[in-house]
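One point on numbering: in the working numbering, the residue at position 373 of the sequence shown is 1414, and numbering is uninterrupted. Cβ atoms here follow ideal geometry from the backbone N, Cα and C, with glycine treated the same way.
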Amino acid sequence: MSINYSERIPNNVDLSGDRRLQRALESWQPSFLGWWQELGPEGTEEVDVYLRTAVSVEARGWANFGYVKMPDYRWGVFLAKPEADRKIAFGEHKGQPVWQEVPGEHRSTLRRLIVTQGDTEPASVEQQKQLGLTCPSMYDLRNLYQVNVEEARHLWAMVYLLQAYFGRDGREEAEALLERHSGDPNKPRILQAFNERTPHWLSFFMFTYFTDRDGKYQLAALAESGFDPLARTCQFMLTEEAHHMFVGETGVMRVLQRTCEVMKELGTDSPEAIRAAGAVDLPTIQKFMNFHYSVSVDLFGGEISTNGANFFTNGLKGRYLESRIKDDHQLPDATWPVSTIKEGRIVAENQPALLAVNERLRDDYIGDSQRGLDRWNKGIQRQGVDFELTLPHKAFNRRIGAFGGSRVTPEGSIINEEEWGRCWMDWLPTDDDHSFVASLMKRVIEPGKMASWIAPPARGINNMPMDFEYVKLS
Ligand SMILES: [Fe+2]
Ligand SMILES: [Fe+2]
């Protein structure tokens, strides 16, 4: 299914056959472009970037690489191919044909789900606005811009659903998605992780590894939805999301590699010496990881959630890879182990699986996060450095759910406020850590050159050489 780029809004949904929707999207487009100009990546009006643009939504060969002037990127509406005779795979409607229109009784819930997902997309663009000014290489600058245009396209994806299926309320929500802003005290983004700052590239890499991975799991759960347009929209977004996590995983890997090289050159693991040599010491990297991991873990919501159960029972949001799970997909009697605090300790208790769908998704996410971490640790090992990164306990630094009001160490012991006050700076980045990392962020844009704190990538984008001019800055 190829994408029609000849229309004002590129799409594969035959937009010109639906005049009402076309008009709605065309009237939203100027607001979007205004938002992009004001809150999209800084100083990119005249920049040519070697970007990947989707040309079809087939699983293979859907992308095309070439220079694009950033404001001319063709944002549009692309849905994965429909699956013939698709049936709802879970919940009380299991086995019935999927819905092509919004079922009346689930209208406000579906709208809320779409708005919550949609809100994160422009939020991350806003969070990353300034990063281009301090990029560690031209290769990284290009990747940042690729992530930014795709997140903005994800906004389009959600706005399409709102405008196509939710009438006037949908149009109002589409406008509101451009009115809330990351970190704005009066009109903040809906989810807290998207109001945090992404002040420098170490945060950016951690964000794309951990927070975009939350996106992957949310999108995968929505890709199971009985509301077929939502499922197909999210299915295609997932293909773009994979690149964001690649940027995060390889980014952190390269920072680690450079740090290990410096440690070996200097023959020391002293953080001061490593910092003085212009690299980030491993304990500081661990702290940034702890932060970004814990705020991302919060995004899955409460451990026990009647909302989550209703989304599932009503066929709106499934589990990760629902159809591959071997059970009845309705969960009347199933249980799932859920952690909770009992007598000052964290213990796992079996709870109704239906109420624990959030927790199950979080557990899937944690397993997936750990896999990349294992690769990072192998990289450290290969360099002969004796250090291991560890994911903190899932109760660490939580604001939401069963652990929201508690202080928990990265190992999972409950401590009091006083002890937390003494120790948190060993576990989470301090202002000093932030200023140190920020002090390393000097813009490097000579093709093929890298900043002091990061190793070059193993290969270029689309098999291009490392010193390729990925971004033409005029
Ligand atoms: Fe996204
Ligand atoms: Fe993403």
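Contacting residues, own chain, Cβ-Cβ under 6 Å from residue i (five flanking each side not counted)
i            : result
residue 1346 : 1399
residue 1510 : 1488
residue 1295 : 1495, 1496
residue 1114 : 1190
residue 1106 : 1093, 1503
residue 1141 : 1269
residue 1364 : 1130
residue 1162 : 1192, 1195, 1196
residue 1572 : The requested residue 1572 does not occur in the structure, where the chain is confined to residues 1042 to 1515.
residue 1175 : 1482, 1484
residue 1342 : 1399
residue 1493 : 1319
Own chain residues within Cβ distance below 7 Å of residue i, not counting five before or after
i            : result
residue 1458 : 1448
residue 1468 : 1328, 1331, 1451
residue 1340 : 1232, 1234, 1255
residue 1216 : 1072
residue 1065 : 1204, 1212
residue 1264 : 1272, 1275, 1276, 1279
residue 1304 : 1310, 1315, 1426
residue 1368 : 1375
residue 1147 : 1355, 1357
residue 1286 : 1249, 1250, 1253, 1254, 1257
residue 1051 : 1044, 1045, 1115, 1117
residue 1183 : 1090, 1091, 1502, 1511, 1512
residue 1048 : 1056, 1057
Residue i: first and last residue of the uninterrupted beta strand (DSSP E) it sits in
i            : result
residue 1393 : 1386-1393
residue 1107 : 1104-1110
residue 1094 : 1089-1095
Where the alpha helix (DSSP H) containing residue i begins and where it ends
i            : result
residue 1496 : First-last for residue 1496: undefined, no H or E at that position.
residue 1273 : 1269-1307
residue 1246 : 1242-1247
residue 1330 : 1323-1339
residue 1312 : 1312-1317
residue 1065 : 1060-1080
residue 1352 : 1347-1354
residue 1256 : 1253-1263
residue 1476 : 1472-1481
Proximal residues to residue i (C-beta, below 8 Å), its chain only, five neighbours per side dropped
i            : result
residue 1515 : 1087, 1088, 1089
residue 1434 : 1387, 1449, 1450, 1451, 1452, 1453
residue 1385 : 1455
residue 1396 : 1345, 1346, 1347, 1349, 1350
residue 1461 : 1448
Chain B contact for residue i (CB, 8 Å cutoff)
i            : result
residue 1277 : Considering every chain present, this structure includes no chain B. It has just one protein chain.
Counting pairs of beta carbons, one from the region 1266-1281 and one from the region 1212-1231, are three or more of them closer than 8 Å?
-> no
Just jot down, in chain order, the residues whose CB lies closer than 6 Å to any heavy atom of ligand 2.
-> 1192, 1253, 1256, 1282, 1285
Taking three-plus beta-carbon pairs below 8 Å as touching, is the region 1067-1084 in contact with the region 1096-1107?
-> no
Which runs of the beta strand (DSSP E) spanning at least 3 residues fall entirely within the region 1381-1467, listed in chain order?
-> 1386-1393
Where in the region 1155-1227 do unbroken runs of the alpha helix (DSSP H), each at least 4 residues long, occur, reported from the N-terminal end onward?
-> 1179-1206, 1208-1220
Examine the Cβ distances between the region 1208-1218 and the region 1167-1178 and report whether three or more of them are shorter than 8 Å.
-> no
When the Cβ atoms of the region 1314-1322 are set against those of the region 1417-1433, are three or more pairs found closer than 8 Å?
-> no
Looking at C-beta atoms only, is the number of pairs between the region 1368-1382 and the region 1476-1487 that lie closer than 8 Å three or more?
-> no
Are the region 1115-1125 and the region 1147-1161 touching, with three or more C-beta to C-beta distances below 8 Å?
-> no
The region 1376-1396 / the region 1291-1309 touching (three or more Cβ pairs under 8 Å) | no
Counting pairs of beta carbons, one from the region 1159-1167 and one from the region 1077-1084, are three or more of them closer than 8 Å?
-> yes
May I ask you to verify whether the region 1191-1199 touches the region 1132-1144, counting CB pairs closer than 8 Å and requiring at least 3?
-> no
May I have a chain-ordered list of the beta strand (DSSP E) segments no shorter than 3 residues that lie completely inside the region 1108-1134?
-> none
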